[in-house]
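To start, the structure itself, in structure tokens.
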Amino acid sequence: MEWMQHTTHLVKPVYSTTLLGQNSETNTDSVTTKSPSGYPSLRARETWPATVGPGEANTVFVNPDWSDLEATINWLEDHAEVARGIARRQRDLFFERGYTSPAAEVCYWRALVRGWSQVVRIDDTIRENSESTSFEEFVTKTEMVQKRH
């Protein structure tokens with residue numbers, strides 16, 4: 001998040017330790033989070049002294065070593081409404097309020113998809129039974145989008 005230091009005061013994080021340690025998806029109370037593993041770090045707690053619940057968050061922080069990334073993604077997939085809310089609040093904050101341009105948003109998504117494609121594990125049977133398409137081609141071909149829905 002070093003590159004975002006000028007806008008960090010706008011970020012309302014929920015730490016992965018909060019998501020993974022709770023059963024309710026309606027918690028919106030501010031909570032202070034400190035786990036026995038030392039995460040969030042002192043620096044993170046000084047920058048964001050209180051985290052918010054998933055009902056208010058606009059970003060999710062995972063361990064710096066990414067060790068809980070998969071568990072956090074699984075939690076968010078199991079709680080899709082919470083995940084959509086966090087994503088919506090993130091977009092509303094940075095794109096709708098004009099902190100980044102529409103071109104920057106497209107660039108962000110393109111980089112996200114390309115980065116994800118470098119680390120995602122794909123079942124070879126799926127790959128054999130589908131056409132390979134670039135991100136740009138996928139988003140501009142209406143018939144491909146309609147076939148997938």
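Its first residue numbered 1, the sequence shown is counted upward by one per residue in the UniProt record's numbering. Using N, Cα and C, we set each Cβ at its ideal position, and we do this for glycine too. Quantities reported herein were computed from a predicted structural model and do not represent experimental measurements.
Where does Thr51 fall in DSSP's three states? strand
Could you tell me which whole beta strand (DSSP E) segments of length 3 or greater appear in the region 51-125? 59-61
Secondary structure at Val14, three-state DSSP: helix, strand or coil? In the structure shown, Val14 adopts extended strand secondary structure according to DSSP, grouped into three states.
Am I right that Thr51 and Thr8 are in contact with their C-beta atoms under 8 Å? What's the rounded C-beta distance? With a Cβ gap of about 13 Å, Thr51 and Thr8 do not count as contacting.
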